[in-house]
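Here is the structure we will look at, set down as structure tokens.
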Amino acid sequence: MPDQDSHRFSPARVAVVQFNPQVGVENLKANSEAVYERLQQAVAGGANLIVLPELATTGYTFESREEAYAHAEPVPSGATVTGWAEFAAAHDVYIVGCLPELDGVELFDTAVLVGPEGYIGKYRKTHLWNEEKLFFSPGDLGYPVFHTRIGRIGLLVCWDIWFPETARIVAQQGADIICIPTGWVWTPPPLYDDSGTCMAAYLTMTAAHVNNVFIATADRIGTERTSGFMGNSLIAGTNGWPIDRIAGPDEDTILYADIDITASRGAPIWNQFNDLHRDRRTDLYDQLLGYRGGQALPR
1 MPDQDSHRFS
11 PARVAVVQFN
21 PQVGVENLKA
31 NSEAVYERLQ
41 QAVAGGANLI
51 VLPELATTGY
61 TFESREEAYA
71 HAEPVPSGAT
81 VTGWAEFAAA
91 HDVYIVGCLP
101 ELDGVELFDT
111 AVLVGPEGYI
121 GKYRKTHLWN
131 EEKLFFSPGD
141 LGYPVFHTRI
151 GRIGLLVCWD
161 IWFPETARIV
171 AQQGADIICI
181 PTGWVWTPPP
191 LYDDSGTCMA
201 AYLTMTAAHV
211 NNVFIATADR
221 IGTERTSGFM
231 GNSLIAGTNG
241 WPIDRIAGPD
251 EDTILYADID
261 ITASRGAPIW
271 NQFNDLHRDR
281 RTDLYDQLLG
291 YRGGQALPR
């Protein structure tokens with residue numbers, strides 16, 4: 001008779017990369033080399049899911065639309081995504097990256113997912129921060145969740161985490177983990193609390209907690225033209241608390257977490273009477289909050 005207490009384990013070793021890319025076409029080669037150096041480090045560290053910061057190969061603070069176009073590439077046919085896909089296939093890993101996407105004459109701030117099987121899919125940032133609105137169009141692909149061999153992966157980008165609807169919609173579509181490339185810029189002070197933690201990190205932990213889903217955020221550090229960046233990359237567990245630690249504000253590092261990626265599917269059941277999904281009042285509000293770009297999927 002099968003052991004009713006046996007645990008079926010779906011392992012993933014997640015890595016989030018935190019470093020300091022710089023904008024400018026003269027920096028594209030150095031940024032790309034820095035990314036590949038850190039991808040190699042993450043693979044050597046045993047990771048099979050690696051998350052890079054927002055616009056990791058291009059930098060962030062564009063001065064003009066002309067400069068933004070000069071940094072952009074088509075997805076997935078451009079050199080950056082093609083290279084990431086080749087690396088992922090060669091090392092049997094999944095990579096979440098982010099770059100300026102050129103589609104016709106439109107630019108999007110786009111997160112992509114590649115894996116051993118090649119290019120898997122993309123998400124276009126739906127909430128644009130500050131001067132991003134001068135260069136990028138708001139995302140028009142909704143909130144896709146990608147089914148992979150290691151689990152179901154959702155994508156968001158940076159400012160999206162301030163909007164609780166985003167993580168809720170992705171989680172309701174069955175995501176086991178949400179990967180978020182970020183470029184958290186300095187916000188109104190205080191930038192950090194006494195522990196050195198910024199508000200964005202708390203929002204990440206809150207989203208993980210209230211949705212009972214793993215969230216991996218990869219931020220950048222340093223300053224770039226008029227922007228300063230917060231650091232504080234982290235991997236939050238389904239209970240919301242960081243696994244291991246939160247990266248320092250100025251730390252060039254890679255954080256790792258060993259997780260049972262599909263454990264999120266049972267995490268919403270807290271006790272005999274409370275189940276996150278069962279307790280939602282879908283008689284008062286739609287299960288997907290009015291979103292029509294996908295279907296709810298039990299976790």
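Under full-length UniProt numbering, the residues of the sequence shown are numbered 1 to 299, in order. Glycine included, C-beta positions come from ideal geometry on N, C-alpha and C.
Return the CA-CA distance between residue i and residue j, expressed in angstroms with no decimal places.
i	j	result
Leu-28	Asp-252	19 Å
Leu-49	Lys-133	30 Å
Ala-208	Thr-166	12 Å
Ala-34	Asn-271	46 Å
Val-112	Leu-99	8 Å
Arg-149	Thr-223	37 Å
Gly-142	Pro-21	28 Å
Met-205	Arg-220	18 Å
Glu-37	Phe-146	26 Å
Val-105	Gly-118	26 Å
Ala-85	Asn-239	32 Å
Trp-186	Met-230	6 Å
Met-1	Ser-77	Low confidence applies to Met-1: its pLDDT is 48, below 50, so where it sits in the model is not reliable enough to give any reading.
Pro-116	Pro-189	43 Å
residue 318	Ile-259	The requested residue 318 does not occur in the structure, where the chain is confined to residues 1 to 299.
Arg-13	Ala-257	6 Å
Asp-283	Phe-136	37 Å
Thr-82	Tyr-94	13 Å
Glu-131	Phe-273	46 Å
Pro-74	Asp-103	6 Å
Arg-8	Val-25	48 Å
Let's test the definition: count the other Cβ atoms within 10 Å of the Cβ of residue i and tell me whether it reaches 16, buried, or not, exposed.
i	result
Phe-108	buried
Tyr-285	exposed
Gln-295	exposed
Ser-264	buried
Leu-128	buried
Ser-233	buried
Ala-90	exposed
Ala-44	exposed
Pro-298	exposed
Glu-101	buried
Ala-170	The identity of residue 170 in the sequence shown is Val, whereas the question assumes Ala. Buried, because 16 or more other Cβ atoms sit within 10 Å of the Cβ of Val-170.
Val-16	buried
Ala-72	buried
Pro-242	buried
Determine whether the beta carbon atoms of residue i and residue j lie at a separation below 8 Å.
i	j	result
Ala-42	Ile-254	yes
Thr-262	Asp-176	yes
Ala-200	Ile-161	yes
Pro-181	Pro-268	no
Tyr-69	Ser-227	no
Asn-212	Arg-168	no
Val-51	Ala-88	no
Gln-18	Ala-236	no
How far does the alpha helix (DSSP H) with residue i in it extend, from its first residue to its last?
i	result
Gln-41	28 to 44
Glu-106	Premise fails: Glu-106 lies in the beta strand (DSSP E), 106 to 115, not in any alpha helix (DSSP H).
Ala-171	164 to 172
Leu-203	199 to 211
Output the boundary residues of the beta strand (DSSP E) element that contains residue i.
i	result
Leu-284	Careful: Leu-284 lies outside any beta strand (DSSP E) and carries neither H nor E.
Arg-152	152 to 155
Tyr-94	94 to 103
Using beta carbons (cut-off 8 Å, strictly below), is residue i in contact with chain B?
i	result
Gln-41	Given the protein chain composition of this structure (a single chain), no chain B is represented.
Do the region 109 to 122 and the region 147 to 155 touch if we need at least three Cβ pairs shorter than 8 Å? Touching, yes.
Does the region 183 to 197 touch the region 276 to 293, meaning 3 or more C-beta pairs lie closer than 8 Å? These segments do not touch.
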